[in-house]
Amino acid sequence: MRGLLAVAQREVVDRRMWLLAALAAGLIPMAAPLLPWVDAGSVAEARSMLASVLAATLTAAGTLALGLSMVGSDLAERRLGFYFARPLSAGAIWWGKLAASFLIVVLVGVLAALPTALVGGNLVLRDLVGLTADGAVLAGGSVVFVLLVLALAHALGVMGRSRSVWIVLDLVAAVAVGGAIWAVGRRFMLAGPMTLMTWLLASSLTVVLAALLAAGWVQVAVGRTDPRRGHMALSATLWGTLGSFALAVVGYAAWVFAAIPSSLECLWEVMPASSGSWSLVSGSSAGRGDYYPVFLLDAATGRWVSLEPTPHWWWFTPMFSADGRRAVWLQPTGLDPSDTRQVVLAELSEPQPRPVATSLILGRSARNARLSPSGQRLAVLAEKTISVYSLPEAALVRASRLDAHSSQISIRFATDDELVVSVWPETGPSTATAVDATLWRFDVRSGKLERTGTLEASRYRDDWGIPADPLGELRLAFHPRGSEMELAMHDARTGALKASLLSQPDQPLLGATFLADGRIVVGESRTAAGEPARVHLFGRDGRLLRSVAMPDGKIGGFGSEVAPDVLAVRLGTLESWAGRGGNTVLVDLEAGTVRRLAAGHVPIPSVSWWSPGRTPATPGSAASRLFRTPEGGLALYDPASDSFTTILDTRWPRT
Amino acid sequence: MNDQTTNQVAVAGFDSVTVRYGAVLAADAVTLSVPRGSVYTLLGRNGAGKSSLVRCLLGQQKPSSGRALLLGNDAWKTRRIAMERVGVVPEEPDVPPGMTAAQAVAFCSRLYRQWDGTGVAERLRRFAVPTTIPVGRLSKGQKGQLALALALGPRPELLVLDDPTLGLDVVARRELYEELVVDLADRGTTVLITTHDLAGVEGIALRVGILRQGKLVLDEDMETLKARFRRITFGRRPAAELVTERALTAMGAVRVAGGEWGFEAVVERFAEDGFGRFASEAGVVEPEARAMSLEEIFVAVCGEERGGVA
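Line order of the protein sequences matches chains V and X.
In case it helps, this note's numbering puts the first sequence at residues 707 to 1361.
In case it helps, this note's numbering puts the second sequence at residues 10 to 319.
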């Protein structure tokens, strides 16, 4: 320590001109009133700005200059022997010089800003600290940055001064290591695991800083007074460390992206197709942080297709055709979430389905994509233009611009040749306000886009929370009626009221869903009057066909028909947004009977907020019989044996 | 080389030290030792490998193979500890140019357990080295004198001087050697010196090593060395050619030249009785043997290759 302090002190004295220059520069802003373009009212502001710029510039220049010369100059001028001829360790020489350079850089910044600060100047740097929630983070970041630049400049200085062919190896290694880290970083950025990205960035920064500092020390310890040997030692340490780190990162990334469905530890999302046995599953995996692998999983055979997760992918979550034989999704082509997206599809009926990128590239303004029931067409809303593409031909079929004054638009296929368009007026940031919607019809064959009617103000927009009518004719809507909430049935095209199904106080809310044959099921939780929860079955004309009382007071949501006319209904409240909580009963809609399932098993909802317009699952299909086990696994229910077969041995996410 | 043994008798040494710079061989399996209390002069032409060996000895450079031994230990591994007891005067003065002599002294004094501040100040005064102006503005002689003062500051057991007189004028050289002599007389410091100033070092060197193209071709006491080298001049009758050649070879002739004036030979195994036999050979006329200076011996060893009798 004695040697380190002696070297550091010597270095500070030797570089004292930097401090004097900083002090002199700090006085320059005092002359701000003399500047011709500064008026009397803006003197303080001009002085502060000038001081901030000068302090930042001098600090940056000092960091670079000191880093380049703190050891490199002595080495090049053969003066390092002065230190090595004394009882000084290499560590004392390196760390002493580094500590002194760091101190000088800090003092340069402080001295350059000090005079302005003393006269009450509002330094930009101080503003930055004020803007940051945690000033310690900014200070810590500055320390790391200065050390990083000092060590990097030192390394570059040694490399440049040695005039060794090793500099070629340095360049090759830098490109290789940088390229590997960038490739992994880009892959992570595309996949969007922010926590992993943060860790990668933080660990990269830490390793780079540690490698540079260690390489500097090794260069002094091993190279001593020999510039070339020092260069070799520095490069070997630096690239050895960074190369090992890059290999570890590449290996880890390869492992992360090699996840398979059985790697899933917590299942977060399950979205079955309306028919068949394929589902979208996604969740977290041990050791993979917040990277959530996404798969298309065949519950019947265990086959799976791995999808590239992307940031905000839920806005472009895969869509299934009505028969569940095709899945289509949009894959970002760049890092920016607003970049163009490529249309990718998977033919799930093939023996080994795989993602196939089509030649369809959608513009950055594309949103609200919808797949037609047959899976042959894709409708895309971009700004106010509706475009319909043919997937087999990867070509535009028809496009039309909507003559509306609002950008709050939703689209939905009624049939492959017909799109129903809903337009809500702009109501500011909140979309919870109930306002009338205008309904439009887009005829894909003729390209005609015409207004067809108005839908009375409803609570939820774009069919959020309500599956679409499998026949494409009806539409359910919740209307606020004073303190009550009315569930009404409308004509899907004109918006005309066809029937009022039920009215209830706003709390507890109603739940509703279509059955596969087009009938409507409405759940009514325990009312304020204490009546028990019930499930009502309505015909397509709005007539009440049956009411079945539930054993518990609250209906948590609807599953699907596990068999024709046998509907899975979840009772109780959710414990997490992922769906944990409650028990399930099977309601025989024909006989009006209720049967409890084994405790803790909950059905996969027939509709989710991220899948608006989805049609109900075909009764008895694998998609209709998917349940979460009490532990959070994914299981397939067999009504005949009243048993569950585990498909994924996952658990519930921690809440 | 046994470390324990070395510690008892040798302060510094090299154990089969080889130094390579790529394909260039700077030192080739050099083995020598510097006995305690001796003044060892390592000689060699430019590029012979002297400075490489000195850097190895000071722990500033790792030999390609072999070990440099400093105070009985591997110099590369124990440099920092050893430097407490070693003073160094480098070939090129390396005190940072921004430092004043006073600052350099203050810096160094903090690093050693013992520091002869009075002695250093006295030497600087005696050398008339300005202590308040930056070292970069001192003359080369003054820089060398400062380096010597700093090297003697910790009262070192070993003083290593790497061509310390390079670029110094005659007066500065003399002052440097005088200072060395004083220190040697006072404390018996062991000295390893490499130099091209053979005349200057001749008066103080006790042992001499000569490097030629990286190889140590000579390593012995100065007294012995000077005793066995002689310059012999003689005339010769025409019929005595074979006889004189045989006799000179027996004395280890390293160079023979001849002309109208007669013949001159340098021999490396001179002995009085051998010379007596040579002088009495038939055909040898007016033989004379002269002692040689260190410089003459060096030239004979490192200069032209051995020649035949003309």
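Glycine included, C-beta positions come from ideal geometry on N, C-alpha and C.
Note that the structure is a prediction, hence the values are computed from the model and not measured.
Run through chain X and tell me which residues come within less than 8 Å of residue i, C-beta to C-beta.
| i | result |
| --- | --- |
| G778(V) | Correct list: empty, because the minimum Cβ distance to chain X is about 14 Å. |
| T931(V) | R64, Q69 and Q70 |
Contact criterion: CB-CB distance below 8 Å. Does residue i meet it with respect to chain V?
| i | result |
| --- | --- |
| R132(X) | no |
| R29(X) | no |
Using three-state DSSP, classify residue i as helix, strand or coil.
| i | result |
| --- | --- |
| Y958(V) | helix |
| K86(X) | helix |
| W801(V) | helix |
| Y998(V) | coil |
| G1229(V) | strand |
| D228(X) | strand |
| E1053(V) | strand |
| V1129(V) | strand |
| R721(V) | coil |
| V43(X) | strand |
| D12(X) | At D12(X), the pLDDT of 43 sits below 50, so the modelled position is not reliable; the number obtained from the coordinates is stated separately. The answer is helix: DSSP assigns D12(X) an H, G or I state. |
| V1062(V) | strand |
| R264(X) | strand |
| Q112(X) | helix |
| G709(V) | helix |
| H860(V) | helix |
| F307(X) | helix |
| E277(X) | coil |
| W1035(V) | strand |
State the start and end residues of the unbroken beta strand (DSSP E) segment that holds residue i.
| i | result |
| --- | --- |
| S991(V) | W984 to S991 |
| Y30(X) | A19 to Y30 |
| A1110(V) | Per DSSP, A1110(V) belongs to no beta strand (DSSP E) and is neither H nor E. |
| W1010(V) | W1010 to L1013 |
Compare the C-beta of residue i against all C-beta atoms of chain X and say whether one is closer than 8 Å.
| i | result |
| --- | --- |
| R708(V) | yes |
| T1356(V) | no |
| R716(V) | yes |
| L834(V) | Residue placement at L834(V) is poorly supported in this model, since its pLDDT is 48, which falls under 50; the coordinates still yield a value, given next. No, L834(V) does not count as interfacial toward chain X. |
Just the chain V side, please: which residues come within less than 7 Å of residue i by C-beta, in chain order?
| i | result |
| --- | --- |
| P165(X) | Ordered by position in chain V, no residue passes the 7 Å Cβ test against P165(X), which lies about 11 Å from the chain. |
| G107(X) | D720 |
| R89(X) | P793, L794 and S795 |
Taking the alpha helix (DSSP H) that residue i belongs to, which residues open and close that run?
| i | result |
| --- | --- |
| V63(X) | K59 to L66 |
| Q154(X) | K149 to L161 |
| T1376(V) | Summary: the structure shown does not reach residue 1376(V), with chain V confined to residues 707 through 1361, and so no result is reported for it. |
| D780(V) | G778 to A782 |
| W888(V) | W872 to A897 |
Closer than 9 Å by beta-carbon distance: list the chain V residues that pair up with residue i, in chain order.
| i | result |
| --- | --- |
| M92(X) | F790, A791, R792, P793 and L794 |
| P99(X) | R784, G787, F788 and A791 |
| V104(X) | R785 and F788 |
In chain X, which residues lie with their C-beta within 7 Å of the C-beta of residue i?
| i | result |
| --- | --- |
| A712(V) | F116, R119 and L120 |
| R869(V) | Correct list: empty, because the minimum Cβ distance to chain X is about 14 Å. |
Nearest CA to the CA of residue i: which residue from the options?
| i | options | result |
| --- | --- | --- |
| F790(V) | S985(V), G929(V) and P1257(V) | G929(V) |
| P72(X) | V825(V), S807(V) and D932(V) | D932(V) |
| G802(V) | Q715(V), L1087(V), V962(V) and S990(V) | Q715(V) |
| R792(V) | A113(X), E254(X) and T109(X) | A113(X) |
| V962(V) | A886(V), S991(V), L918(V) and G949(V) | S991(V) |
| E1267(V) | A1205(V), R1301(V), A908(V) and S1330(V) | S1330(V) |
| V1094(V) | D1109(V), A1075(V), S1112(V) and S1080(V) | A1075(V) |
| L794(V) | D103(X), M108(X), C117(X) and G107(X) | C117(X) |
| G312(X) | A280(X), S42(X) and R264(X) | R264(X) |
| L853(V) | G826(V), G768(V), L948(V) and S1231(V) | G768(V) |
| G1224(V) | G1178(V), G1188(V) and I1261(V) | G1178(V) |
| A262(X) | G75(X), I241(X), Q69(X) and L120(X) | I241(X) |
| F1264(V) | Q1210(V), R1246(V), A798(V) and H1242(V) | H1242(V) |
| T1160(V) | S1152(V), Y1343(V) and R1147(V) | R1147(V) |
| R1302(V) | W872(V), V1272(V), G1040(V) and G1285(V) | V1272(V) |
Between residue i and chain B, is the shortest Cβ-Cβ distance under 8 Å, so that the two count as touching?
| i | result |
| --- | --- |
| G1339(V) | Looking for chain B here will not work: the only protein chains present are V and X. |
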